[in-house]
């Protein structure tokens, strides 16, 4: 059950980050991957900055922030 919860948070986070960043995304699978990796990255970065919290809203917010940062980094390597 945890893996399904993890994938759902990743999908929602990747989708929201795609909407924030230029109104697009990478499709469902791409958004899940960006959201999951963004969740790891955002969680790591939040830990380093001493930002803590709990609950679903915190997890989604941190994942969206991490996914948005990844999309920002990917934009340098992607051609328009």
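In the working numbering, the protein residues as written are 762 to 841. Even for Gly, the Cβ is constructed at its ideal location relative to N, Cα and C. The structure presented is a predicted model; accordingly, all values stated were derived computationally and were not measured.
Closer than 7 Å: residue 792 CB and nearest the ligand FMN heavy atom: The ligand FMN is not part of this structure, which contains no ligands at all.
Cut-off 7 Å between Cβ atoms - residues of its own chain near residue 821, not counting five sequence neighbours on either side: Here residue 821 is taken as the residue at index 60 of the chain shown, counted from 1. Closer than 7 Å at the Cβ level, and outside the excluded window around residue 821, lie 770, 773 and 774.
Minimum C-alpha distance to residue 804 - residue among 835, 824, 789 and 767: Here residue 804 refers to the residue found at position 43 when the chain shown is read from its first residue. It is 824 whose Cα lies nearest to the Cα of residue 804.
For residue 806 and residue 819, the rounded distance between their alpha carbons: Numbered from its first residue, the chain shown carries residue 819 at position 58. Numbered from its first residue, the chain shown carries residue 806 at position 45. Each residue's alpha carbon lies about 14 Å from the other.
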